[in-house]
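Report on one structure; see the data block that follows.
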Amino acid sequence: QQQVQLQEQKQQVQLQQQQQDLQHTEGAQGSAVQELSEADSEKQRLQRLHTKLVAEMKEKIMLEAEAKVKEQMQARFAARQAELKQKKAEEKTRAEQQAAARAEEGRSSSEQADKRKKAQEDAKKERTQQWMVAQQMRLEAEREALRKKKAAADRLTEADRARSERKQRYEQDKENRPGLEAVSVLDEMAGTVNVRLQDGLARETTIQVSKTARLRAMMKIAIKRFGLDETHTDFRLHSRHLRWDDTPQSVGLESGDVVQVMEVEAET
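Reading the sequence shown from the start, the letters are residues 1 to 268 in UniProt numbering.
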């Protein structure tokens, strides 16, 4: 009986032990399930947190990108506005410069026109003055020419009168001195004539010239003796103009004849 009781006690103890093991096993299983559940919850929380972080990062990136784009657009707009402002300022400056240039050109044109007008007026005045001076000089030259012509005519008249007087004296002397005619005859026989030359100042010189020789040598000697200008000297015999290549024989120049030596104006 004691063995049976011991056996029963032993069985009860085993049964209790099994129950405890079972309870322990069930508790462990419950803990594992709970742990699994908690792990799933943490995973889900982490997943949600990850999703939230990703969303927040995306939103932040989008906001930053949007802000950057907005900033770039504002910068471009500001640059465009500055460019337009600069362009308008340049156009305004260019327009002002063009207006100033046109105004200056207008002033310059007006000044040039005034200068041209003044130059034309001055030139006209100068031409008028020159014409008046030329007219005055012409009148003076004409008066001088008339004076010289009158003086030459007076000299010729005086020369003719003197020649007539000398001829009369010669005739008288010839009657009173028969030898005088012999001297003239000797000159003519020798082929020479004694020519008397008088200038406008009543100076006189006598030059012996061959009847067949040209008068050039005689004229040059007379010009030198009277101190005249060769280009402005005229030789006349009884109002007849004598040329360089004339000869006493060709113009009928005889001893005792007077040749007038006159200054004349240069031909213009």
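Every residue gets a Cβ at the ideal spot worked out from N, C-alpha and C, and that includes glycine. On a predicted model such as this, the values are computed, not experimentally measured, just so you know.
Item to check | Outcome for Ser239 when other beta-carbon atoms lying within 10 angstroms are tallied against a minimum of 16 | outcome: exposed
Item to check | Candidates Met219, Asp229, Arg214 and Gly227: closest to Ser250 by CA position | outcome: Arg214
Next on the checklist: Suppose you measure from the CA of Ala55 to the CA of Glu42; what does that come to, to the nearest Å?
Outcome noted: 19 angstroms
Item to check | As assigned by DSSP and simplified to three states, the class of His238 | outcome: coil
Next on the checklist: Among Asp257, Lys149 and Arg76, whose alpha-carbon lies nearest the alpha-carbon of Arg161?
Outcome noted: Asp257
Checklist entry - Around the Cβ of Val193, are there at least 16 other Cβ atoms within 10 angstroms (buried) or fewer (exposed)? => result It is buried - the Cβ of Val193 has at least 16 other Cβ atoms within 10 Å.
Item to check | CA-to-CA distance, Arg147 to Ala153, given in whole angstroms | outcome: 10 angstroms
Checklist entry - What separation, rounded to the nearest whole angstrom, lies between the Cα atoms of Thr212 and Arg138? => result For Thr212 and Arg138, the gap between their C-alpha atoms comes out near 42 angstroms.
Checklist entry - Under three-state DSSP, which class holds Leu63? => result helix
Item to check | Rounded C-alpha distance that separates Gln47 from Lys60 | outcome: 19 angstroms
Checklist entry - Is the Cβ of Ala222 closer than 8 angstroms to any Cβ of chain D? => result Judged by its chain identifiers, the structure shown contains no chain D, having just a single protein chain.
Checklist entry - What whole-angstrom Cβ distance do Gln198 and Val261 have, given they're in contact under 8 angstroms? => result Correct: roughly 7 angstroms between the Cβ atoms.
Item to check | 8 angstroms contact criterion, which Ala141 and Gly200 should meet: CB distance rounded | outcome: Between Gly200 and Ala141 the Cβ distance is about 18 angstroms, and since that is not below 8 angstroms, they are no contact.
Checklist entry - Count the other CB atoms within 10 Å of the CB of Met57; is the residue buried (16 or more) or exposed (fewer)? => result exposed
Checklist entry - Quick one: what does DSSP say Glu121 is sitting in, helix, strand or coil? => result In the displayed model, Glu121 falls within a helix according to three-state DSSP.
Next on the checklist: Could you compute how far the alpha carbon of Glu204 sits from the alpha carbon of Asp122?
Outcome noted: 54 angstroms
Checklist entry - If we ignore side chains and look at the alpha-carbon of each, how far apart do Ser108 and Arg116 end up? => result 12 angstroms
Next on the checklist: Looking at Thr233: is its Cβ nearer than 8 angstroms to the Cβ of Ile223?
Outcome noted: Yes; because the gap between Cβ atoms is below 8 angstroms, this pair is in contact.
Checklist entry - How should Phe235 be labelled, buried or exposed, when 16 other C-beta atoms within 10 angstroms of its C-beta is the threshold for buried? => result buried
Checklist entry - Secondary structure at Leu253, three-state DSSP: helix, strand or coil? => result coil
Checklist entry - Are Trp244 and Arg216 touching if we call contact CB-CB under 8 angstroms? => result yes
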